[in-house]
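One structure below.
Protein chains in written order, with full-length UniProt numbering: chain A, 1 to 426; chain B, 1 to 426.
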C-alpha cells in the first residue's frame with residue numbers, strides 16, 4: 001500500500017514552525033511498511049487544499065492529513081476533505097459530549113475563561129466517517145474509508161497527534177497492511193561519503209530488497225539497510241547478510257550498529273570497557289569536545305577533567321606547554337598539540353588525554369597554517385599521536401569537525417592500544 | 001511573485017530527518033515578500049521528481065529545489081530539472097576546478113582517502129544555467145532562468161545550503177522582487193514567551209503593517225517586526241516606532257536588535273567593552289558554556305580559562321571547593337556553586353567567573369534536588385551571586401538551558417556592576 005502525507009497550515013508555509021509532524025508520521029508509515037512517495041504542505045486555503053487532496057486520493061491508498069481540525073475559521077481540513085469525498089457534515093453526538101466534558105474541565109481550571117460557540121464545529125463529522133477520540137484536546141481525529149481510499153484526518157498539535165497516532169491510528173493501519181518494513185543501521189566513521197559509496201557501489205548497483213541508503217554526517221556516514229517482507233522475522237533475515245557484508249568491508253571503521261548510539265556514546269563505552277580515564281585539553285573548540293562527552297549519560301565514569309586552554313598562558317599554566325614551543329612553533333603546531341596531550345595526562349594522572357589546537361577563523365591563521373588548520377593530539381598510556389587537519393567551512397563548522405575528528409582519533413588510539421596489548425599477550 | 005519549494009530525498013519520506021531546510025527556506029521567502037502556497041517532498045525517483053517539477057513550474061514563478069545534487073547515483077535533481085526545462089548537461093570548467101581544489105584539500109587532510117570518479121558528476125551543469133559557488137562542499141548550486149520561470153537548485157546539507165542562500169541566492173532574489181519587505185529583530189532574554197506575549201498583547205491586537213511575530217528560544221524570545229512598502233526606506237520608517245515601543249517595554253532585557261547577534265556574542269561584547277576577563281567552571285554542562293563563548297570570534301580577548309570540573313576531585317583540585325562543602329551540602333548545592341565561582345576567579349586571577357553545577361539526569365538527583373536542579377554562580381569583582389533553577393526536559397535540554405541561563409546571569413551581573421559603579425561615581 002502507498003501512503004501520502006498532507007500537512008495543512010500557513011505557519012508551515014511561512015517557516016514559522018518546523019514540520020516535525022511530517023517526519024514523525026513518515027517514520028511511522030515506513031515502520032508500517034507503507035510506501036510513501038509524496039508529502040505536501042499547503043496553507044489554510046480551501047481551493048488549494050481541495051486540489052492537493054484530489055491529487056493525493058488519485059495516486060495513494062492512504063492519505064493522511066494533519067492540521068486544520070480546530071475551532072477557528074482558518075480550520076478547513078474536514079470541510080474540504082468531506083467535499084472531495086462527496087460527503088455532508090453532521091453532528092456526532094459522542095464527539096459533542098467529549099468536547100463538552102473537555103471544555104468544562106478546562107473552564108473550571110482556568111478561571112475567567114468560558115466555552116466559546118466555535119468549539120461545537122469540532123463535533124461535526126463527514127457522513128459515515130469514524131470519529132477517533134482525542135485524549136489531549138477537543139478536535140477528534142477522523143477516518144474515512146471510501147472505495148479503496150483511506151483518508152485519515154489528524155489534529156495538528158504534536159501533543160494531540162502523537163498519542164492519537166500511537167494508540168489508535170497505528171493499530172488501525174497495522175490491520176490494513178499485510179507487509180512490514182524493517183531496517184538496520186550501520187554507522188561508519190573516519191571515511192568520507194564518496195569513498196563509502198565507491199566501496200559498496202557493487203552492492204548498491206544490484207540492490208532491490210534489501211536496499212542500502214547512505215547519509216553523510218560530519219566525519220561519519222550512516223548506512224541504513226531496509227527490507228520488506230511478510231513479517232518482521234523474514235525482513236530481518238533478508239537484512240542480516242547485507243549487514244554482515246558491510247561489517248567485512250568497513251571493519252573497525254564501524255563504530256556501532258545501534259540506531260540510537262552517537263559517536264561520543266560509542267567512545268565513552270570504549271573508555272569505560274577498557275577502564276581508561278580521559279582528560280580533554282581544548283583550545284579552538286573551547287569545550288565543545290568535553291561537552292559532547294558529557295552529553296553521554298554516565299560520562300563521569302571516564303571524564304576525569306576538561307581544560308579549556310584558550311590562551312597561551314593557560315596552555316603553559318595548566319598543561320605544561322613549554323614557552324619555547326609557543327615561541328618557536330606557535331600554539332597551532334604539532335609540537336604544541338603533543339605537549340597539550342602529554343601535559344593533560346601528566347597533570348591529572350589520567351590514562352588518556354585528547355588535545356585540540358587550531359585556527360577556527362575568521363581571523364588568525366598564518367601562511368603555513370591557514371584558517372581551518374587544526375592539530376589534534378592523543379596521548380594514551382604514554383604513546384602520543386598528533387594528526388594535522390585542514391577543515392573547510394566557517395568557524396562553527398571547523399570547530400564541529402575538530403571535535404568529531406578528536407573523537408575519531410581517540411577511538412583509533414584505543415583500538416590500536418587494545419590490539420597492541422593483545423599482540424603482546426600472544 | 002510566487003515561490004514553491006521541493007525538497008528531494010528519500011530520507012525525508014522515511015522520516016529519518018526532519019525537514020529543517022523547508023522551514024528555513026520558507027522563512028527566507030516570506031522575508032523576501034515571495035508568496036509561498038506549496039511545499040512538496042519527493043524521493044530520489046526520477047519519474048515522480050519530474051512530475052513534481054512539472055507541476056511546480058506551471059503554477060509558481062520561482063521553484064526552489066533542495067537536495068539531490070551530490071556525487072552518488074541517487075542524486076538526480078539536476079538531471080531531472082534539466083530534462084523538464086529541455087536542457088542538456090555539459091561540464092562547467094569553473095565548477096570542475098573548484099571541486100578539484102576542494103577534493104585535493106580534503107584528501108591532503110584525510111590520509112588514506114582519494115578522489116573518487118563520481119565527484120566529477122557535480123561539475124555538470126544544464127546549458128545556459130548559472131553556477132553558484134559552494135563554499136562548504138563540492139556540489140555547486142544552480143540557477144536556471146527560462147521564460148518567466150526561475151528554477152533554483154540547492155545542495156541538501158544545511159551547512160552548505162544556508163551560507164549559499166544567505167550570500168548568493170537571497171541577494172539574487174532580492175533584485176527580482178519589486179515589493180520590499182523589511183524586518184527588524186528585537187531579542188529579549190530572561191522573560192518567558194507567554195509573559196512577553198502578555199506584555200505586548202495590545203500591540204499585537206492592533207497590528208497590520210508592521211506585524212510583530214514572536215519566536216521562543218531557550219531562555220530567549222525573539223520579536224520580529226516586519227513591514228511591507230514600496231521601498232526599503234519606507235518600510236524601515238514604518239518599523240521604527242514599533243521597535244522604539246518594544247525598547248520602552250522590555251528595557252534591559254533586550255540584549256540586541258542585531259539580527260545575527262547571539263546571546264553569547266552580546267555577552268562577549270559586554271565583557272570586552274567593560275574590560276572584564278572571564279573564567280568558566282562547569283560541571284553538568286561539561287564545557288557547553290565555554291564552547292558557546294568560544295563560538296564568538298575573538299573570544300580569546302575575554303576568556304581566560306575554562307574548567308570542566310565534572311568530578312568532586314576536580315572541583316577540589318582546580319577551583320578550591322572545600323571537602324566539607326561537598327560532604328555536607330553535596331556538589332549540587334548553592335554553596336558548591338558559590339565556591340566554584342569564587343575559586344575560578346581566585347586561581348586564574350580573572351575578574352569574573354561563572355559556575356554551573358546540577359543534575360542533568362537521567363540518573364542522579366536527590367529528594368531535595370531532583371534531576372533538573374541546577375545552581376549557577378557568578379562571581380564578579382568580589383561579589384558572588386548564586387541562583388537556583390529547576391529545568392524541565394531531557395539531559396541535553398537541561399544542559400542547554402543551564403548554559404543559556406549562565407550567560408543571562410553573567411549579563412545581569414555585568415549590567416548591575418556597571419550601574420553600581422556609575423552610582424558610586426555620581
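Positions of the beta carbon are idealized from the N, C-alpha and C atoms, including for glycine.
Contact with chain B by residue i, beta-carbon distance below 8 Å
i                     : result
residue 48 (chain A)  : yes
residue 350 (chain A) : no
residue 390 (chain A) : yes
residue 340 (chain A) : no
residue 295 (chain A) : yes
residue 386 (chain A) : no
residue 394 (chain A) : yes
residue 307 (chain A) : yes
residue 73 (chain A)  : no
residue 141 (chain A) : no
residue 197 (chain A) : yes
Beta-carbon proximity list for residue i, same chain, < 6 Å, skipping 5 on both sides
i                     : result
residue 17 (chain A)  : 11
residue 404 (chain A) : 218 and 219
residue 279 (chain A) : 304, 305, 344, 348, 350 and 353
residue 130 (chain A) : 143
residue 159 (chain A) : 136
residue 193 (chain B) : 216 and 221
residue 398 (chain A) : 360, 372 and 391
CB contact check: residue i to chain A, cutoff 8 Å
i                     : result
residue 108 (chain B) : yes
residue 398 (chain B) : no
residue 335 (chain B) : no
residue 11 (chain B)  : yes
residue 363 (chain B) : yes
residue 18 (chain B)  : yes
residue 41 (chain B)  : yes
residue 209 (chain B) : no
residue 222 (chain B) : no
residue 77 (chain B)  : no
Buried versus exposed call for residue i [16 or more other C-beta atoms within 10 Å across all chains shown]
i                     : result
residue 226 (chain A) : buried
residue 393 (chain A) : buried
residue 92 (chain B)  : buried
residue 366 (chain A) : exposed
residue 38 (chain A)  : buried
residue 368 (chain B) : exposed
residue 206 (chain A) : exposed
residue 210 (chain A) : buried
residue 273 (chain A) : exposed
residue 260 (chain A) : exposed
residue 363 (chain B) : exposed
Pick from the options that is closest to residue i, judged by C-alpha positions
i                     : options                       : result
residue 168 (chain A) : A:132, A:203 and A:202        : A:132
residue 53 (chain B)  : B:35, B:3 and B:370           : B:3
residue 430 (chain A) : A:239, A:241, A:191 and A:232 : Only positions 1 to 426 of chain A appear in the structure, and residue 430 (chain A) is not among them; the question remains open.
residue 196 (chain B) : B:368, B:247 and B:338        : B:247
residue 289 (chain A) : A:245, A:230 and A:263        : A:263
residue 67 (chain B)  : B:61, B:60, B:80 and B:58     : B:80
residue 150 (chain B) : B:5, B:101 and B:364          : B:5
residue 161 (chain B) : B:148, B:181, B:174 and B:135 : B:135
residue 336 (chain A) : A:296, A:385 and A:295        : A:385
residue 231 (chain A) : A:31, A:166, A:293 and A:15   : A:31
residue 388 (chain A) : A:370, A:104 and A:62         : A:370
residue 213 (chain B) : B:302, B:237, B:233 and B:188 : B:188
7 Å CB neighbourhood of residue i in its chain, flanking five on each side removed
i                     : result
residue 184 (chain A) : 225, 239, 243 and 257
residue 319 (chain A) : 281, 307, 309, 340, 343, 344 and 347
residue 322 (chain A) : 339
residue 153 (chain A) : 65, 69, 77, 78, 81, 141 and 142
residue 123 (chain A) : 91, 92, 95, 96 and 99
residue 127 (chain B) : 87, 88 and 90
Proximal residues to residue i (C-beta, below 8 Å), its chain only, five neighbours per side dropped
i                     : result
residue 395 (chain B) : 360, 361 and 362
residue 119 (chain A) : 71, 99, 103 and 138
If contact is defined by three or more beta carbon pairs under 8 Å, each pair taking one atom from either stretch, is the region 92-102 of chain B in contact with the region 73-82 of chain B?
no
Are at least three pairs of beta-carbons, each pair with one atom in the region 313-322 of chain A and one in the region 371-386 of chain B, less than 8 Å apart?
no
Evaluate contact between the region 99-109 of chain A and the region 47-61 of chain A, counting only Cβ atoms and requiring at least three cross-stretch pairs below 8 Å.
no
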